[in-house]
Every structure is written in structure tokens, then in C-alpha cells.
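Here is the structure we will look at.
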Amino acid sequence: MGGPVDCHTFTPGNQLGRGTHCNVCLSTGQIIGLNYGGLSGLASLVAVIVLFAIIAKRYHQNIIDPPAAPWRLLRSNLDALLINLLVAEIPMSLGGIMDFQWVAERQVYCGSHCTVQGAFQFIGETAVAMFTLAIALYTFFSIWLNRRFKYRPIFWILYSVCVWIYVFLFALISWATHKDEAPERGFFTPTPFCESILHRFNLR
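Here this note's numbering = 1-based position in the sequence shown + 472.
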């Protein structure tokens, strides 16, 4: 079953019906938690946009009035990985902001909103984790070997392309494979929130 229900006839926080994950009526504590999640997503998105605006402004200034010393936008592999990390924050933040609808309706249910939120969260969180891991390993080996690695675009381009292809294809293929099934058997469903993959897929 998908779509909103009358939560006054169900216990908050419990799933509706037998064997279905499609409707979850939220308790007051869950609503407060989702509200904070939405606010965190909004703050993160604003911070990323402001940071990109600052980078774009300084880049434009350097184009108009080049500094005396040689310069370029990406000075190291780490810079490129950090840019990708910030880009990955955008879908993750959007997924958090989408919690505001559940707060307003005091319930979570299957549907396009839940599917899009689940996809945003999966793509964002997975990409953030992979780029964070790459940055951590890059920093570790740089310190351990006591050397600064040369800037090699092929390194971060190949890694970034692999990460983005993986997260987008995984989310798209998983959704497409199960899009014609009943709502409660979809890939992204409330468990109890839509940022999770249905429990039966976690067991595989």
C-alpha cells in the first residue's frame, strides 16, 4: 500500500499491515529527529553553494587579473577529490531536505517522493564515503612516505568517474529492476525512513 493514511487509527512508529513497509506513522520524537535531519541537510547545501560561489568568484578574478605567480584551479589530486566530495554532498543534502515533507505529514509512505529521496541518499552517502576514503588514504600515504605526490589528473579523473558511474548505475538499475513490483516491494521503502533500502534486499 502506498500513499498517506489516517495515522489516528494506528500506533505511531508502527508499520501498517502485515508484511508491508509502505506506511509508517511517526511519533513525536521521530518527527523532531527528521526535522533536525532536514535542517542539517539545508545547512549543508547552503554551505556547499556558498563555498562553490567563493571558489568561482576567485577563479573569475584570477582570469580577469592573473596573479604574478603561476596558478591553476586544481593544484593537487587532493583538491580534485575535495571538489568531488563537495559535489557528493549536494544529493545527500537534498535527501535530508526532503524529510520536511514527512515532518509536515507526520508519516512516511511509499511513492515517488520516497523513491527519489532514497536514491539521493544512496548516491550522496555512498559517493561521500568513497571520496572521504580516497582523501584519507591519500593523506595517510603522503604523511607516511613523507612526500608530496605529483599532480596527476589521470588519477583523480579515473577514480571519480568510477565512483560516479557505480553509484548512479547501482541506484538506477536497482530501481528499474523493481519499479513494476508492488509499492511495498520496491527497492527504496520506509524502513522506517525512505533513506533506507528495503530490509529484504539488505539480507542478500
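Glycine included, every Cβ here is placed at the ideal spot set by N, Cα and C.
Handout entry: Residue range of the beta strand (DSSP E) that includes residue 495
Key = Counted from its first residue, the sequence shown places residue 495 at position 23. Run containing residue 495: 495–497, per the beta strand (DSSP E) assignment.
Exercise for the section: Find out if the Cβ-Cβ distance for the pair residue 553, residue 628 is shorter than 8 Å. Expected result: On the sequence shown, position 81 is the one that residue 553 refers to. On the sequence shown, position 156 is the one that residue 628 refers to. Taking the C-beta atoms as reference points, residue 628 is found nearer than 8 Å to residue 553.
Handout entry: Proximity winner among 651, 621, 500, 659, relative to residue 593 (alpha-carbon distances)
Key = Position 121 of the sequence shown, counted from the first residue, corresponds to residue 593. For residue 593, the nearest C-alpha among the options comes from 659.
Practice task
Would you give the residue range spanned by the alpha helix (DSSP H) that residue 531 belongs to?
Solution key: Taking the first residue of the sequence shown as position 1, residue 531 is located at position 59. Unbroken alpha helix (DSSP H) run through residue 531: 500–536.
Practice task
Using DSSP bridges, identify the partner residues of residue 580.
Solution key: Here residue 580 refers to the residue found at position 108 of the sequence shown. Bridge partners of residue 580: 496.
Exercise for the section: Would you check if there are 3 or more beta carbon pairs closer than 8 Å linking the stretch 565–576 to the stretch 494–511? Expected result: The answer is yes - the stretch 494–511 touches the stretch 565–576, with three or more Cβ pairs under 8 Å.
Exercise for the section: Please name the residue, chosen from 617, 565, 579, 582, that lies closest to residue 597 on a Cα-to-Cα basis. Expected result: Taking the sequence shown and counting its residues from 1, the one referred to as residue 597 is at position 125. That would be 565, whose Cα lies nearest to the Cα of residue 597.
Exercise for the section: Would you tell me roughly how many angstroms separate the C-alpha atoms of residue 476 and residue 580, rounded to the nearest one? Expected result: One-based indexing of the sequence shown puts residue 476 at position 4. One-based indexing of the sequence shown puts residue 580 at position 108. For residue 476 and residue 580, the distance between alpha carbons rounds to 8 Å.
Problem - Which of helix, strand or coil DSSP assigns to residue 682 - result: Outside the shown range of the chain (473 to 676) lies residue 682, about which nothing can therefore be said.
Practice task
Determine the closest residue to residue 645 out of 591, 498, 495, 512, with distance taken between C-alpha atoms.
Solution key: Indexing the sequence shown from 1 puts residue 645 at position 173. Nearest of 591, 498, 495, 512 to residue 645, Cα basis: 591.
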